[in-house]
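Novice:
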Amino acid sequence: TKNVKPDALSRQYASDKDQEPATILPSSFTAELPIKHVFRLHGIPDEILSDRGPQFLSKVWEFAVSLGANVSLSSGYHPQTNGQCERLNQESEAMLR
């Protein structure tokens, strides 16, 4: 599984070749992934939007406070918030078929 990061402005996704899948990692390690693989390249964001994924829920508050970022959590099932990434995943799956 590839962890994709859609860019809201360009409507394209970024994927690092050395990226590790977040779905099989413990939450403590998953919370460190953005620091190692995203923030060192793009800087620290003003706001972090989480889709309430279980790998982020336990550590996201500590993580945001330590960075000085605001945290917004989407509602439990809110396709409008998650739609951009979900649409990208659908397109990727269709290309693989």
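The sequence shown begins at 1 in the UniProt record's numbering and counts up by one.
Yeah, the Cβ is synthetic: ideal placement off N, Cα and C, and Gly gets one too.
Since the structure is predicted, the reported quantities are computational estimates derived from the model, not experimental observations.
How is S74 classed by DSSP in three states: helix, strand or coil?
Specialist: coil
Novice: If you drop the 5 nearest sequence neighbours on each side, which residues of the same chain put their C-beta closer than 7 Å to that of P45?
Specialist: A69
Novice: In the DSSP output, which residue or residues are listed as bridge partners for residue 98?
Specialist: Examination of residue 98 is not possible in this model, given that the chain is present from 1 through 97 alone.
Novice: With distances taken from CA atoms, which of G43, L96, E93, Q90 is nearest L67?
Specialist: For the residues G43, L96, E93, Q90, the minimum Cα distance to L67 belongs to G43.
Novice: Which of the three DSSP states, helix, strand or coil, is assigned to R87?
Specialist: helix
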